[in-house]
Amino acid sequence: MVEDLQIRLNEKQEASATETRTRSPSHEEVNSDNENGSIMDNNEVRSIQSTSTATPITLDDIHLWTQPLEVQFPMIQTGPWDSIENSFPGSDFSALDHTQEPSLFAMGVGLHISPMMHNDLDQLYFDRAYMFAPILQAHRYRSWSKQPNKSKQQTCLQHAMWTLASSLSSQFQVAVRQLYGETRQLLHEIESEEPCNQISIEQAQAWLLLAIYELTCEDYHRWMMSAGKAFRLIQMMRLYELDVHQNPLATQAQEQYSPQLSPSGLVQDDWIDIETKRRTFWLAYTIDRFTSMVDGLHMFFDDRMIRTLLPAPEANFASGRPAEMSFLTDLVRDVDLERPDDDLSSFTETVIVAHLCGRVLEHKQRPSPRTHDATMEFCRRHRSISALLAQRITMLRIHASVEHLDPILTFTALAAYISVLMLYDFIESKPLGTKAQAMQLTKALHAEYQQHALDAVADIPLLVVSLDQHFQVKQTPPSDGS
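Take our numbering: the final residue in the sequence shown is number 488, and no numbers are missing along the way.
Structure follows, in structure tokens:
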């Protein structure tokens, strides 16, 4: 009898299983129906649900649910997904392809720059940011700025320009964070993709502009990292010795650059290209000197190694007309204290004062004199630097007034005054020795430069107010970019 019951049970299970396969479509059939576009709508789903509810369940059916069934519920409408897949046919990773469609080097974050916004940001840079970073010739930049096939390095430079420019305008404050993050992201991509010997001037310029933006936003940690990368790239391109032949005319006509360090290879650079490199180096030099003076850090560029001519006047750079310039060491000499050069550009004047700030820092970082000769050399060097600073301040005060405000020269005068205070503080906090002669010499220097320090203290607030009136736009801090 037990065998008869077992046989009946097996027959009932086989019959029920056959009926279940008839009612429930297989997984392959459902997938085939979905691929052919036949998807049930909500009315059909409700029909299925009402049919299954109306079917009575008997106790015999319980033996069928020994394992869970794979039931397909066609509840998802696939219209939006179909549109995405059809937009990028034949792609294994279709969701990633949209970053490459707009242009060759499109950014993937989604900030769309319209032609009008493109023009506004370009003009904003040359109107407000260029005075602090005069490293791009406007006509040369516009010749490639709207080209669809520009290089990644040029795209980085362009976005760095827009980041700095938008931070100086209330109109584009909402775009600053995204531009900044995209620029850093693309710069990191270049570092990871390109061979180490492919270094471009645009890459170094982009890091410099980002460093300026980070510095104005008081993000000192990122500023140090960005400036350090720019300084190292400039050093690798040897921009500190562009005019090493000591002959400006021969340099402009014959100088060529190694193909390992310049994407132009053996193609000779014209004067605008060479001047752009000079200005890029001198901008990095001024940043290095000013920030090292404030923080008391070691300076990156060595004055003894510099063989690059000073930047040409703005009119020559803008028009592409070569100008014969001097070397920094020839222009700043201890013996030429009678009359300062009053026809120098703002950029060149900033370079000179940055050089003097570096000499103040170097003077301060030297060990204390221990002998009579060392003490006398210390006093001679101290007086020489102070006289050079007084010379530059005399000329800069003319351009720091509200009536004739030049923001660059005003900032330069502010840096010169800070150097004067550093010289005075150095004498006051670090006596030359304990002997009677050294103590007398210290008191003489203290009395000599006390009035200079008082004048600086009186003029610094006026300069700060002038700069504050000139720049009323609050800087936006950089986002937590990559």
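Beta carbons are placed, not taken as given, at the ideal position from N, Cα and C, and that holds for glycine. Every value quoted in this text rests on a predicted model; they were computed, and no experiment measured them.
Within a Cβ cutoff of 7 Å, which residues of the same chain sit near A220, ignoring the five residues on either side of it in sequence?
In the sequence shown, counting from the first residue as 1, residue 220 sits at position 214. A small correction: the amino acid at residue 220 is Glu; Ala does not occupy that position in the sequence shown. Cβ neighbours of E220 beyond the five flanking positions: R228, W229, S232 and P484.
Range covered by the alpha helix (DSSP H) that runs through T189:
For this step, residue 189 is matched to residue 183 along the sequence shown. The continuous alpha helix (DSSP H) containing T189 extends over residues Q179 to E199.
When the Cα of Q3 is compared with those of S175, S176 and L185, which residue comes out closest?
There is simply no residue 3 to check, as the chain begins at 7 and stops at 488 in what is shown.
Need the endpoints of the alpha helix (DSSP H) that C223 sits in, please.
For the purposes of this step, residue 223 is taken as residue 217 along the sequence shown, with counting starting at 1. Here C223 belongs to no alpha helix (DSSP H), and DSSP marks it neither H nor E.
Would I293 and A217 be called neighbours here (beta carbons separated by less than 8 Å)?
Walking along the sequence shown from the start, residue 293 turns up at place 287. Walking along the sequence shown from the start, residue 217 turns up at place 211. Pairing I293 with A217 gives a Cβ-Cβ distance under 8 Å.
Same chain only: Cβ atoms within 7 Å of A290, ignoring 5 sequence neighbours per side
The residue you call residue 290 lines up with position 284 of the sequence shown. Correct list, in chain order: L214, A236, F237 and I240.
Run the CB neighbour count on R190, radius 10 Å, all protein chains shown included, and call it buried at 16 or more, exposed below.
If you number the sequence shown from 1, residue 190 lands on position 184. By the neighbour-count rule (16 or more Cβ atoms within 10 Å), R190 is buried.
Coil, strand or helix - A318 by DSSP
Numbered from 1 along the sequence shown, position 312 holds the residue referred to as residue 318. Looking at A318 - three-state DSSP - the assignment turns out to be coil, as it is neither helix nor strand.
Could you check where the alpha helix (DSSP H) with W288 kicks off and where it finishes?
The residue given as residue 288 occupies position 282 in the sequence shown. Element bounds for W288: W277 to D301.
Measuring alpha carbon to alpha carbon, tell me which of F296, V300, V357 and R295 ends up nearest L315.
Within the sequence shown, the letter at position 309 stands for residue 315. Closest by alpha carbon: V357.
Does DSSP classify L395 as helix, strand or coil?
Your numbering for residue 395 matches position 389 in the sequence shown. Three-state result, L395: helix.
Do the CB positions of L447 and T381 come within less than 8 Å of each other?
For this step, residue 447 is matched to residue 441 along the sequence shown. For this step, residue 381 is matched to residue 375 along the sequence shown. Between L447 and T381, the C-beta spacing is below 8 Å.
Assuming A181 contacts L117 (C-beta within less than 8 Å), just tell me the rounded distance between them.
Translated into positions along the sequence shown, residue 181 becomes position 175. Translated into positions along the sequence shown, residue 117 becomes position 111. Going by Cβ atoms, the distance from A181 to L117 rounds to 7 Å, so yes, they are a contact pair.
Does the stretch 449-469 come within contact of the stretch 385-393, defined as at least 3 CB pairs closer than 8 Å?
Of all C-beta pairs linking the stretch 449-469 to the stretch 385-393, three or more are shorter than 8 Å, placing the two stretches in contact.
Return yes when the C-beta of C162 is under 7 Å from any heavy atom of the ligand FAD, and no when it is not.
With respect to small molecules bound, the structure shown includes none, and the ligand FAD cannot be examined in it.
Are S472 and L427 touching if we call contact CB-CB under 8 Å?
The count along the sequence shown starts at 1 and reaches residue 472 at position 466. The count along the sequence shown starts at 1 and reaches residue 427 at position 421. Result no, Cβ atoms of S472 and L427 do not sit closer than 8 Å.
Excluding five sequence neighbours on each side, which residues of the same chain lie with their C-beta closer than 7 Å to the C-beta of C363?
Position 357 of the sequence shown, counted from the start, is the residue given in the question as residue 363. Answer for C363: R295, F296, M299, A421 and S425, listed in chain order.
Buried or exposed for A393, please, with buried defined as at least 16 other CB atoms from any protein chain shown within 10 angstroms of its CB.
As a first step, residue 393 is located in the sequence shown; it is residue number 387 there, counting from the start. Result: exposed.
Do the stretch 278-286 and the stretch 312-328 touch if we need at least three Cβ pairs shorter than 8 Å?
Touching, per the Cβ criterion.
Distance between D301 and H458 (C-alpha atoms, nearest Å):
Indexing the sequence shown from 1 puts residue 458 at position 452. Indexing the sequence shown from 1 puts residue 301 at position 295. Going by the C-alpha atoms only, they are around 22 Å apart.
Do you know offhand how far P328's Cα is from A139's?
In the sequence shown, residue 328 corresponds to position 322, counting from 1. In the sequence shown, residue 139 corresponds to position 133, counting from 1. C-alpha separation (whole angstroms): 20 Å.
Run through DSSP, which three-state label would S149 get?
For the purposes of this step, residue 149 is taken as residue 143 along the sequence shown, with counting starting at 1. Looking at S149 - three-state DSSP - the assignment turns out to be coil, as it is neither helix nor strand.
Determine whether the beta carbon atoms of A205 and M242 lie at a separation below 8 Å.
What you label residue 205 is simply residue 199 of the sequence shown in a count that begins at 1. What you label residue 242 is simply residue 236 of the sequence shown in a count that begins at 1. This sequence places Ile at residue 205; Ala is not what is there. Contact flag set, yes.
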